[in-house]
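Top to bottom, those sequences are chains A and R.
17 is the number that the UniProt record's numbering gives to position 17 of the first sequence; each next residue is one higher, with no gaps.
176 is the number that the UniProt record's numbering gives to position 176 of the second sequence; each next residue is one higher, with no gaps.
Everything below concerns the one structure shown next.
Number of protein chains: 2
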Amino acid sequence: MTVKRLRERQAEATRELLVGIARERFVEQGYKATAMDDIVQRAGLAKGALYHHFSNKDALFKAVYDVVLDETADAVMAAALAEEDPWAAVRAGLSAFLDACLRPAFRRVVIIDSVTVMAARAWDSGTEGVELPMLRTVLTPLVASGALPGVALDALAHLALGGLYGSALYIARADDPQAARAEADAVLDVVLRGVRAATT
Amino acid sequence: MTVKRLRERQAEATRELLVGIARERFVEQGYKATAMDDIVQRAGLAKGALYHHFSNKDALFKAVYDVVLDETADAVMAAALAEEDPWAAVRAGLSAFLDACLRPAFRRVVIIDSVTVMAARAWDSGTEGVELPMLRTVLTPLVASGALPGVALDALAHLALGGLYGSALYIARADDPQAARAEADAVLDVVLRGVRAATT
DNA sequence: GTCGGTGACCGACCGTCGGTCGGTGAAGGA
DNA sequence: TCCTTCACCGACCGACGGTCGGTCACCGAC
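Laid out in structure tokens, this is it:
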């Protein structure tokens, strides 16, 4: 398996090249404004090559999305799992997430365009992304501990994810992302501390 | 002004017809899957007529969006302003908002597609919708009362709006919207009560 | 070595769809 | 009555996502 045939290595390289160029374009111009022809031209390839590797534009975007998201998911999960206390874990995870929002690639691809591109699919088929399961993992100990009586895990996860995205958008749109990040942090703290105080 | 020329009335009727048809199509198929030609054909008009009234597809969607949103905004504001206590006002407003999420038109146009269509514009120019000002109005008394020290109004509004959208999405995707609505309500209650208890 | 199969890649072509533009006929003021 | 205005027409355009038959280097089999 480590020894790959020439063809195989070449194909993989081409695929990665395509993803790299696509990522650059998607981050810079957004999904809709990026043309497949443009990507192909910059990669020095023909259209057929692109469609040989990716069934359509959405699939290409998904590949970029996965890469960008993975870069963040690891950090978030690590930050959360490093904490013993469930509340501290939630706080650490959220903090790591907000950190990620400072990166242009994450903001544009994951916060803005992913909804545009993948909402339709999620709407029709029940497919869901990676963030929701991630949040569930972090929130499960909280709900299981009985700290939040009468709260459905999924309903909470959705509200929390939405709140995070709202904060992310606030940071993304701000003239001074760093300052906005601090403000969002403060708000998060108040909400978290409030809920915690009222239920334990 | 009340007496309108024939031409004027006819034009207005045409415009409303287009918005009506467009709304029907957008709600049923979503933004991307709806073709301008289809709208025009169903309206029994020519393409030029559509583009005489709306500069492009986004503008047409915006018109539909405004109508659908207004139907809700009034209810939300009324519910919120009917309450004396700021906390009760917030709770009532949120409740009215979740009610609106049970309506297909609101779910599809405002919750799902509006992000798709209008995010790009909001990203480039700082244009913002109607929801954010609405939330600010409701939240201002809270922040002004000093109940939430160190909290920036805008940061809070963004987080709250995001949380609401998350809950809305949860309701929209659920097999049983009514039950999901109740769950979302419970979560909202816990969060609100928590924050309130911790800060007053 | 050579030969046949495989598959990565090519690039001309297509259908769709958003958007344009010169025209037309009725409304309505002078 | 004439002339301007404008809502509306519909053929046309160009961009873009996606297709498909073809090509040629690679690779395993004999």
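All C-beta atoms in this analysis are idealised placements derived from N, C-alpha and C, irrespective of residue type, glycine included.
This structure is a prediction, so every number in the text was calculated from the model and none was measured.
Take residue i and list the residues in its own chain whose beta-carbon comes closer than 6 Å to its own, dropping the five residues that flank it on each side.
i       : result
R42(R)  : I21
V76(R)  : G93, A96, F97
G126(A) : With a pLDDT of 44 at G126(A), under the threshold of 50, the modelled position of this residue cannot be trusted; read the value that follows with caution. So no residue of the chain qualifies.
F54(R)  : L60
A80(A)  : A89, A92, G93, V138
R23(A)  : V64
When you compare the CB of residue i with every CB in chain R, is at least one pair closer than 8 Å?
i       : result
H158(A) : yes
A88(A)  : no
G163(A) : yes
A59(A)  : no
G194(A) : yes
R166(A) : A small fix is needed here, since residue 166(A) is Gly in this sequence, not Arg. It does; some Cβ of chain R falls within 8 Å.
E183(A) : yes
G150(A) : yes
V187(A) : yes
A147(A) : no
V115(A) : yes
A105(A) : no
8 Å is my cut-off, CB to CB: does residue i come that close to chain A?
i       : result
D154(R) : yes
T2(R)   : With a pLDDT of only 49 at T2(R), under the threshold of 50, the placement of this residue in the model should not be trusted, and no figure is reported.
L6(R)   : no
Y170(R) : yes
A144(R) : no
Q178(R) : no
V190(R) : yes
A100(R) : no
V197(R) : It is worth fixing the name first, because residue 197(R) is Ala in this sequence and not Val. Closer than 8 Å to some Cβ of chain A, the Cβ of A197(R) qualifies, so yes.
Less than 7 Å between C-beta atoms, sequence neighbours within five positions excluded: which residues of the same chain meet that for residue i?
i       : result
R91(A)  : L192
A180(R) : Y170, I171, A174
P86(A)  : P141, L142, S145
Q103(R) : A small fix is needed here, since residue 103(R) is Arg in this sequence, not Gln. For R103(R), where only same-chain residues beyond five positions count, there are no Cβ hits under 7 Å.
D176(R) : none
E83(R)  : A89, A92
V19(R)  : A63, V64, V67
Q178(A) : none
Secondary structure at residue i, three-state DSSP: helix, strand or coil?
i       : result
A182(A) : helix
P104(R) : helix
R5(R)   : coil
G93(R)  : helix
A152(R) : coil
D99(R)  : helix
A172(A) : helix
D124(R) : For D124(R), the pLDDT reaches just 49, beneath the cut-off of 50, and the residue's location in the model is therefore unreliable, leaving the point undetermined.
G163(R) : helix
A157(R) : helix
G146(R) : coil
D85(R)  : coil
Taking Cβ to Cβ, would you say residue i is nearer than 8 Å to residue j?
i       : j       : result
A186(A) : V151(R) : yes
F106(R) : T72(R)  : yes
S95(R)  : H158(A) : no
D113(R) : Y31(R)  : yes
V27(R)  : Y65(R)  : no
A197(R) : A147(A) : no
V115(R) : V115(A) : yes
A160(A) : L135(A) : yes
V195(R) : G194(A) : yes
T14(R)  : L45(R)  : yes
E183(A) : A155(R) : yes
K57(R)  : M36(R)  : yes
L153(R) : L132(R) : no
Give every residue of the same chain whose Cβ lies closer than 8 Å to the Cβ of residue i, excluding the five residues on either side of it in the sequence, and list them in chain order.
i       : result
E25(R)  : The sequence shown places Arg at residue 25(R), rather than the Glu named in the question. So the qualifying residues of the chain are T34, D38, I39, R42.
I111(R) : C101, Y165, A168, L169, A172
For the ligand NAD, is there any heavy atom lying closer than 7 Å to the beta carbon of residue i?
i      : result
R42(R) : As for the ligand NAD, it is missing from this structure, which has no ligand bound.
**Study point:** Completely contained alpha helix (DSSP H) runs for the UniProt domain "HTH tetR-type" (12 to 72) of chain A, where each covers 4 or more residues
**Key:** 36 to 43, 47 to 53
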